[in-house]
Amino acid sequence: MALLEVSHLSKHFKGRNTHVEAVRDVSFSLDFGKCLGLVGESGCGKSTTAALIAGLIKKTSGQIDFKGQKRGDIQMVFQNPEESFDPHYRVLAAVAEGGAYIGKYRKNERLARARELLSYVGLVKEHETKYVRELSGGECQRAAIARALMCSPKLLILDEATSALDVLVQQRIMELLLNVKKQWGPAMLFITHDLALASMICEDIAVMRDGAIVEMGPTERILKNPRCDYTKLLISSILTVKANS
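Going by the working numbering, the first residue of the sequence shown is number 1037, and it counts up by one from there.
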């Protein structure tokens, strides 16, 4: 059963002398508890698609049908999570604010829940009183995931959530996301330029180029039998990196 259905979604940005079609006639569906990878190079439109689904920007045309029923059912984790936190808040309060947003908990309940989630994502008590700016990139991303989970979202959008991290930290964050998927069961929209990362967590992959989806299907089929030349190019780049490493 589909939690999210996107139909013929488009977004155009118009300036005085410019007209950019950032997203062009994009359609896909995402079932409850499943993960869809939206894969492509920088500037292909995948992050704009995520922002449209999250309601951060308005669409030009098309339909977004999301079956969530309450505020907070869609949560987003960004590439640079520090920018999404209030710099005046310490970590515990910043994570607890995720619960305040939906009015789900009283203050003491929010703080207790935030502590539980910080422990769950691998942060210790000493992190609670730090400012977000004092965390490492991986620690900050863990705090962002904890804040998102405060809302018990039905859809978790991960917008290049590991691309700013080094390889070892990236691997640990992926392990955390896999655990979240298993234990919490949210649907995930995993946005990345890295097809290898997407293959670790996604049942299906949609490949984007120049604002449009050029190929979509089960992850195994995409990797073993790509039909689009651009998808083949992305796969060959993975093999080249592995051969040189």
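The C-beta atom is built at its ideal place from N, Cα and C for all residues, glycine as well.
In whole angstroms, what is the alpha-carbon distance linking residue i and residue j?
i: residue 1052; j: residue 1059; result: 19 Å
i: residue 1206; j: residue 1200; result: 8 Å
i: residue 1045; j: residue 1090; result: 13 Å
i: residue 1093; j: residue 1110; result: 14 Å
i: residue 1123; j: residue 1135; result: 18 Å
i: residue 1050; j: residue 1096; result: 11 Å
i: residue 1257; j: residue 1165; result: 47 Å
i: residue 1145; j: residue 1167; result: 21 Å
i: residue 1265; j: residue 1272; result: 10 Å
i: residue 1238; j: residue 1231; result: 10 Å
i: residue 1148; j: residue 1133; result: 12 Å
i: residue 1234; j: residue 1190; result: 20 Å
i: residue 1241; j: residue 1219; result: 22 Å
i: residue 1252; j: residue 1203; result: 27 Å
i: residue 1057; j: residue 1098; result: 14 Å
Beta-carbon within less than 6 Å of residue i's beta-carbon, same chain only, minus the 5 sequence neighbours each way: which residues are those?
i: residue 1117; result: 1176, 1177, 1180
i: residue 1086; result: 1193, 1195, 1227
Only counting the same chain, and skipping five residues up and downstream in sequence, which positions put a Cβ closer than 7 Å to that of residue i?
i: residue 1068; result: 1037, 1039, 1223
i: residue 1138; result: 1106, 1107, 1108, 1187
i: residue 1043; result: 1063, 1098, 1099
I need the DSSP call for residue i, collapsed to helix, strand or coil.
i: residue 1105; result: coil
i: residue 1239; result: coil
i: residue 1278; result: The predicted position of residue 1278 is uncertain, since its pLDDT is 48 and thus under 50; a value taken from the coordinates is nonetheless stated next. Three-state DSSP puts residue 1278 in a helix.
i: residue 1187; result: coil
i: residue 1051; result: coil
i: residue 1156; result: helix
Just grab the DSSP bridge partners of residue i for me.
i: residue 1099; result: 1043
i: residue 1037; result: Beta-bridge pairing links residue 1037 to no other residue.
If you drop the 5 nearest sequence neighbours on each side, which residues of the same chain put their C-beta closer than 8 Å to that of residue i?
i: residue 1216; result: 1181, 1185, 1192, 1222
i: residue 1236; result: 1210, 1214
Would residue i pass as an interface residue toward chain B - the criterion being a Cβ-Cβ separation below 8 Å?
i: residue 1266; result: Although the question refers to chain B, the structure presented lacks it and comprises just one protein chain.
Problem - At least 3 beta-carbon pairs within less than 8 Å: the segment 1147–1160 vs the segment 1072–1083 - result: no
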